[in-house]
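So in our numbering, spot 231 of the sequence shown is number 213, and the numbers just go up one at a time.
A quick write-up on the structure given underneath.
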Amino acid sequence: MSGRETLAEHGSTFKSVAIPPRPALFLALQRELRKEDKDVRRIAELVNRDVAMAAKLLEATNSAFFGLHRQVSSVTEAIQLIGTDHCAAVMSGLIVKNALGVGISMMARFWDVSEKRARGMSFLARETRIAEPQLAYSFGLFCDIGIPLMKAAFPRYLETLAIANQHGALEFLAVETERHGVDHASVGAMLAGRWALDDEVVAAIALHHDYEKLYDESVPGTTRALIALNGLVEKAIQQFRGDQSHEWDEGGQVATEALALSGDEVDELCQGLAEKFHG
């Protein structure tokens, strides 16, 4: 099952939800990063076109997440040290926030969780070697991107969230669909598809609340890996915030089996994520 097929399967009316066009900088970065011979200087030139984004990239590079032993002061040096894939991942997050507009980007809690999820997905992908870290980061960043788009489209969406949060993951989507004719997973996958994210990521966004898909061999292995890793990251985020993870309660056992992890290994990975989140 491809990402495009998944979108068709989840087909709802998207007419009420404005999907922002892919930003020119995002497109330019995608083109450079998909070249076999990546040009660090060209990528740095693109990043430096936006002073605020360049500053944010340096801030991220110098954070505890990357664990560098010295301060980095130039974009070129940052890209050389953290790699083009990590650079692309960090820049994607900044571009997405800008593209969605000032009003939406003020959802501080949403962006905090999204950034933690993206970083956590990348960390777990490296630790488990079950998916490419850049794909994992992209999925983590765009996973719930449909939520701010739904909030912008529907004046009573926050009320919907309050109701939906009392239910399990699939019921959450059903509440959204009942009240608005569409759910955030489908909306997020639509944006990811239009922005030309990898097909496996598009599918994972559309299916990320459906843990039964982890048993479905028609779903690409990378997509299933991303869904399983997301359950673990969600558990770690909620533990970090002192909350209970309903996502893990619903899909944790399936995700643990899919990742071939023991309970102790799950606890160890969550502890590692907590340390990253504190950084």
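Here a beta-carbon is modelled for each residue, glycine too, at the ideal position from N, C-alpha and C.
Quick caveat, the model's predicted, so the values are computed rather than measured.
Discussion item. Taking the alpha carbon of Leu251 as the reference point, which residue from Gly170, Gly102, Asp165 and Lys133 has its own alpha carbon closest?
Written reply: Gly102
Fill in: Start and end residues, alpha helix (DSSP H) containing Gln148
Annotation for Gln148: no alpha helix (DSSP H) segment contains it, and DSSP assigns it neither H nor E.
Practice prompt. State the Cα-Cα distance for the pair Ala10 and Ile1, rounded to the nearest angstrom.
Written response: 19 Å
Worksheet item: Is Tyr197 buried or exposed, if buried means 16 or more other CB atoms sit within 10 Å of its CB?
Response: exposed
Discussion item. By the three-class DSSP mapping on this structure, what secondary structure does Glu229 have?
Written reply: helix
Worksheet item: Which two residues bound the contiguous alpha helix (DSSP H) that contains Asp181?
Response: Asp181 to Leu189
Practice prompt. For Arg4, collect the residues of the same chain with a Cβ closer than 6 Å to its Cβ; drop the 5 residues on either side in sequence, then sort them by chain order.
Written response: Closer than 6 Å at the Cβ level, and outside the excluded window around Arg4, lie Trp177.
Worksheet item: When the Cα of Ala81 is compared with those of Lys98, Ile112, Thr66 and Met35, which residue comes out closest?
Response: Met35
Worksheet item: Could you give the C-beta distance for Ala185 and Thr205, rounded to a whole number, given that I count them as a contact under 8 Å?
Response: About 4 Å separates the two Cβ atoms, so the contact holds.
Worksheet item: Given Ile77, which residues of its chain have a CB within under 7 Å of its CB, disregarding the five upstream and five downstream residues?
Response: Answer for Ile77: Pro5, Leu7 and Phe8, listed in chain order.
Discussion item. Can you confirm whether the segment 105 to 118 touches the segment 206 to 216 when touching is taken to mean that 3 or more C-beta pairs between the two stretches lie within less than 8 Å?
Written reply: In this structure the segment 206 to 216 touches the segment 105 to 118; the number of beta carbon pairs closer than 8 Å is three or more.
Discussion item. I'd like the list of long-range same chain contacts for Asp67, defined as Cβ closer than 6 Å, with 5 residues on each side in sequence excluded.
Written reply: Gln116
Item to complete: Would you check if the segment 186 to 193 and the segment 229 to 239 touch, i.e. whether three or more CB-CB distances between them fall below 8 Å?
Response: yes
Fill in: Gly245 versus Thr238 - alpha carbon distance
Looking at the backbone, the Cα of Gly245 and that of Thr238 are separated by about 8 Å.
Worksheet item: Is it true that the CB of Asp126 sits closer than 8 Å to the CB of Ser104?
Response: no
Item to complete: Just tell me which of Leu140, Val29, Leu63 and Pro130 has its CA closest to the CA of Ala167.
Response: Pro130
Discussion item. Please state the DSSP three-state secondary structure of Val248.
Written reply: DSSP places Val248 within a helical segment (H, G or I) once states are collapsed to three.
Practice prompt. For the alpha helix (DSSP H) containing Ala113, list its first residue and its last residue.
Written response: Element bounds for Ala113: n/a, residue is neither H nor E.
Worksheet item: Which class does Gly128 belong to by DSSP, given the choice of helix, strand or coil?
Response: helix
Worksheet item: What's the C-alpha gap between Leu106 and Ser(-2)?
Response: For Leu106 and Ser(-2), the distance between alpha carbons rounds to 36 Å.
Fill in: Three-state secondary structure (DSSP) of Phe222
Phe222 carries a helical assignment under DSSP once its states are collapsed to helix, strand and coil.
Discussion item. Using 8 Å for Cβ pairs, my map puts Ile187 next to Gly170. What's the rounded Cβ distance?
Written reply: 5 Å
Worksheet entry | Whole-angstrom C-beta distance between Leu28 and Ala60, which should lie under 8 Å | No, Ala60 and Leu28 are not in contact; Cβ-Cβ is about 13 Å, not under 8 Å.
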